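K.L.:
Numbering (our numbering), first residue to last: 5 to 401. Positions of the beta carbon are idealized from the N, C-alpha and C atoms, including for glycine. Keep in mind the model is a prediction, meaning the values are calculated, not measured. Take a look at the following structure, please.
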Amino acid sequence: MSYSTKELHELDKTYYLPTFKRYPLAFKKGSGSRLWDMEGKEYIDALAGIAVNNVGHAHPKVADAIGRQAHELIHISNFYLSEPQVMLTKKLAELSGLQRVFLGNSGAEAAEGAIKIARKYASKNGRGGTIIAMKNAFHGRTLATVAATGKEAMMNGFAPIPAGFLHAPFNDLEAIKEMVTEEVGGIMLEPIQGEGGINLVDPSFLKALRAYCDEQNLVLIFDEIQSGMGRTGKMFAFEHFGVTPDVMTLAKALGGGMPIGAVLASEKVGSAIDWGDHGTTFGGNPLACAAALATIEAMEEEGMLKQATEKGAWLKAEVEKVRSEYPEIKEIRGYGLMIGIELTLESKPVVTTMMEHGVLANATAGNVIRLVPPLNIPMEDLKTVFEVMLKSIKANR
Ligand SMILES: *Cc1c(COP(=O)(O)O)cnc(C)c1O
């Protein structure tokens, strides 16, 4: 038996903590870039679980790996090793050039780990543990990560919020330098701000920031939870800029939909962590690691980085062609398939119209449509996303 979308939403209103403002949809099945709701209506997914389903829904390679691993071994404990965990940490270290990996269960947990590593390194090197994050950042919803995010609306009512975070305007090195005292131990930023509206880092700022962190012995943390794992056409967004962080967080697309997060650190910074400093029960369990390994393998086998680059370039070129007919489009920006279309209108009603026409996207930062489809979305589906978006902008004029 199966419930209707309406029945599920009524039950959700009764039982779930009222924290999510949901769209009136419920899904039963997915494949590639397509989703089907409880009544069998088909959607094209240009949100991909908020940049999670980079290899598409129910990728056979990932589904098979999860099934096989579940029959063999789901969980042990970090008192012991499993082959998928060791193979995944080796793979992530090789891909990133960072030597040390810690595996957790989510983005916020990875960000917490990054903050702890930076603070431990700072404490061993005569600096304080204050972290400078950026305005319009997003680092998660746990207490320390909302403090790092620094958004008033996310902190209201939850005092006392952990101390130890300052916020500088994005891309402004002078402002950062003015904030740095002996109390500051690290700088944390998203190389491309996701929730903040797909705001791009200035490459020269990033290079100068790296040099400044080296000079001051500050830990440079990149939050690549959204921009990592091929989303921007490189495995990690930092590769676009030739600037390597000391610490990097990953999550979202890492497990192809399985909950998993990772903190990576250079040998220099990571070696500040001592036995017993950090831990997790579920983190790095064989099931999540097998899913992540299969996800990375699928990306490599199907050339998904190249696909993201080419499809992103196509979408940008198409939008540029119609800019004069759509004065509501202020700008299209992004790398690969991490794309923001800034409007002169509120983006939420446009995204709602798109949904009514069978395309899922996301409205962020008030007036930005965020498109983060699966990297292997067929061109035909991407064309539909583009056409429905234009139609929906027109409908909301
Ligand atoms: C989604 C996201 C997070 C939080 O990840 P969760 O898994 O929801 O805890 C942190 N940082 C960035 C950049 C994100 O996009």
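Quick check on this structure: which residue in Gly108, Glu156, Phe240 and Ala163 has the alpha carbon closest to the alpha carbon of Glu194?
P.N.:
Looking up residue 194 in the sequence shown gives position 190. Among Gly108, Glu156, Phe240 and Ala163, the Cα nearest to that of Glu194 belongs to Phe240.
K.L.:
Can you check which of these residues, Lys25, His61 and Phe31, is closest to Glu43 by C-alpha distance?
P.N.:
The residue given as residue 43 occupies position 39 in the sequence shown. When each option's Cα is compared against that of Glu43, the closest is Phe31.
K.L.:
Could you spell out the range, first to last residue, of the beta strand (DSSP E) harbouring Phe245?
P.N.:
Along the sequence shown, read from residue 1 onward, the residue named residue 245 stands at position 241. Phe245 -> no beta strand (DSSP E), and no H or E assigned at all.
K.L.:
Using a Cβ-based criterion (distance less than 6 Å to any ligand heavy atom), does Gly144 qualify as near ligand 1?
P.N.:
In the sequence shown, the residue the question calls residue 144 occupies position 140. Within the cutoff, so yes.
K.L.:
Measuring only the C-alpha atoms, how far is Lys33 from Asp41?
P.N.:
Counted from its first residue, the sequence shown places residue 33 at position 29. Counted from its first residue, the sequence shown places residue 41 at position 37. Between Lys33 and Asp41, the C-alpha separation is close to 7 Å.
K.L.:
Taking 6 Å as the line, does the beta carbon of Ser208 fall inside it for any heavy atom of ligand 1?
P.N.:
On the sequence shown, position 204 is the one that residue 208 refers to. Not one heavy atom of ligand 1 sits closer than 6 Å to the Cβ of Ser208.
K.L.:
What are the residues that DSSP puts in a beta bridge with His282?
P.N.:
Working through the sequence shown from its first residue, we reach residue 282 at position 278. Its beta-bridge partners do not exist; DSSP assigns none.
K.L.:
So Asn160 and Val205 are supposed to be a Cβ contact under 8 Å. How far apart are they, rounded?
P.N.:
Residue 160 sits at position 156 when you count from the first residue of the sequence shown. Residue 205 sits at position 201 when you count from the first residue of the sequence shown. With 8 Å as the limit, Asn160 and Val205 do not qualify as a contact, their Cβ atoms being about 29 Å apart.
K.L.:
Inspect the beta-carbon positions of Ile135 and Ile277 and report whether they are closer than 7 Å.
P.N.:
To locate residue 135, count along the sequence shown from 1; it is residue 131. To locate residue 277, count along the sequence shown from 1; it is residue 273. No, the pair does not count as a contact, with Cβ atoms beyond the cut-off.
K.L.:
Within the same chain, show all residues whose beta-carbon is closer than 6 Å to that of Asn366, passing over the 5 residues directly before and after it, in chain order.
P.N.:
Here residue 366 refers to the residue found at position 362 when the sequence shown is read from its first residue. So the list reads Leu51 and Arg374, once near-sequence residues are dropped.
K.L.:
Using the C-alpha atoms, what's the distance from Asn371 back to Leu213?
P.N.:
Working through the sequence shown from its first residue, we reach residue 213 at position 209. Working through the sequence shown from its first residue, we reach residue 371 at position 367. Taking the straight line joining both Cα atoms gives about 29 Å.
K.L.:
If we call anything under 7 Å between Cβ atoms a contact, is Ile336 one with Ser37?
P.N.:
On the sequence shown, position 332 is the one that residue 336 refers to. On the sequence shown, position 33 is the one that residue 37 refers to. Not a contact, by the Cβ cut-off of 7 Å.
K.L.:
Under 6 Å: does the beta carbon of Ser270 sit that close to some heavy atom of ligand 1?
P.N.:
For the purposes of this step, residue 270 is taken as residue 266 along the sequence shown, with counting starting at 1. No; taking the cut-off as 6 Å, the Cβ of Ser270 has no heavy atom of ligand 1 nearer than that.
K.L.:
Counting C-beta neighbours from all protein chains within 10 Å, is the total for Gly246 16 or more, i.e. buried, or is it exposed?
P.N.:
Against the sequence shown, residue 246 aligns to sequence position 242. Exposed, because fewer than 16 other Cβ atoms sit within 10 Å of the Cβ of Gly246.
K.L.:
According to DSSP, Lys33 sits in a beta bridge with which residue or residues?
P.N.:
Position 29 of the sequence shown holds residue 33. In DSSP, Lys33 forms a bridge with Trp40.
K.L.:
How is the beta strand (DSSP E) around Asp49 delimited, first residue to last?
P.N.:
Along the sequence shown, one-based indexing puts residue 49 at 45. From DSSP, the beta strand (DSSP E) with Asp49 extends over Glu46 to Asp49.
K.L.:
So, at 6 Å on beta carbons, what are the nonlocal neighbours of Val150 in its own chain, with the 5 sequence-adjacent residues on each side left out?
P.N.:
As a working note, residue 150 is residue 146 in the sequence shown. Excluding positions up to five away in sequence, the list reads Met158 and Met159.
K.L.:
Can you check which of these residues, Glu322, Ala295, Glu346 and Met252, is closest to Gly260 by C-alpha distance?
P.N.:
The residue labelled residue 260 in the question sits at position 256 within the sequence shown. Minimum Cα-Cα distance from Gly260 among the listed residues Glu322, Ala295, Glu346 and Met252 corresponds to Ala295.
K.L.:
What residues are listed by DSSP as bridge partners for His171?
P.N.:
Locating residue 171 in the sequence shown gives position 167, where the first residue counts as 1. In DSSP, His171 forms a bridge with Ala137.
K.L.:
On the DSSP bridge list, what partners appear for Ile300?
P.N.:
Taking the first residue of the sequence shown as position 1, residue 300 is located at position 296. In the DSSP output, where bridge partners are listed per residue, Ile300 has none listed.
K.L.:
Run through the DSSP bridge pairs and tell me what Met342 is partnered with.
P.N.:
Position 338 of the sequence shown, counted from the start, is the residue given in the question as residue 342. According to DSSP, Met342 bridges with Tyr339.
K.L.:
Flag this pair as yes or no: are the beta carbons of Asn129 and Phe286 separated by less than 7 Å?
P.N.:
For the purposes of this step, residue 129 is taken as the residue at position 125 of the sequence shown. For the purposes of this step, residue 286 is taken as the residue at position 282 of the sequence shown. Going by C-beta atoms, Asn129 is not nearer than 7 Å to Phe286.
K.L.:
Are Ala269 and Val251 touching if we call contact CB-CB under 7 Å?
P.N.:
Stepping through the sequence shown from its first residue, residue 269 is reached at position 265. Stepping through the sequence shown from its first residue, residue 251 is reached at position 247. Taking 7 Å as the Cβ cut-off, Ala269 and Val251 qualify as a contacting pair.
K.L.:
Is the beta carbon of Lys256 sitting closer than 7 Å to the one on Ala55?
P.N.:
On the sequence shown, residue 256 is found 252 positions in, with the first residue counted as 1. On the sequence shown, residue 55 is found 51 positions in, with the first residue counted as 1. In contact: Lys256 and Ala55 (Cβ atoms closer than 7 Å).
K.L.:
Compare the beta carbon distance of Glu332 and Leu309 with 7 Å and say whether it is the shorter of the two.
P.N.:
Here the question's residue 332 lines up with position 328 in the sequence shown. Here the question's residue 309 lines up with position 305 in the sequence shown. For Glu332 and Leu309, no; Cβs fall outside 7 Å.
K.L.:
On the DSSP letters alone, give me the boundaries of the alpha helix (DSSP H) that Arg72 sits inside.
P.N.:
Stepping through the sequence shown from its first residue, residue 72 is reached at position 68. Taken as a continuous stretch (DSSP letters only), the alpha helix (DSSP H) holding Arg72 covers Pro64 to Glu76.
K.L.:
In or out: Asp281 buried (at least 16 other Cβ within 10 Å) or exposed?
P.N.:
Looking up residue 281 in the sequence shown gives position 277. Looking at its Cβ environment, which holds fewer than 16 other Cβ atoms inside 10 Å, Asp281 is exposed.
K.L.:
Just checking my contact of Leu224 with Pro249 at CB under 8 Å: how many whole Å lie between their CB atoms?
P.N.:
Here residue 224 corresponds to residue number 220 of the sequence shown, with the count starting at 1. Here residue 249 corresponds to residue number 245 of the sequence shown, with the count starting at 1. Yes, Leu224 and Pro249 are in contact; Cβ-Cβ is about 5 Å, under 8 Å.
K.L.:
Under DSSP, the alpha helix (DSSP H) around Gly265 begins and ends at which residues?
P.N.:
Stepping through the sequence shown from its first residue, residue 265 is reached at position 261. Taken as a continuous stretch (DSSP letters only), Gly265 belongs to no alpha helix (DSSP H), being part of the beta strand (DSSP E) at Gly265 to Ala269.
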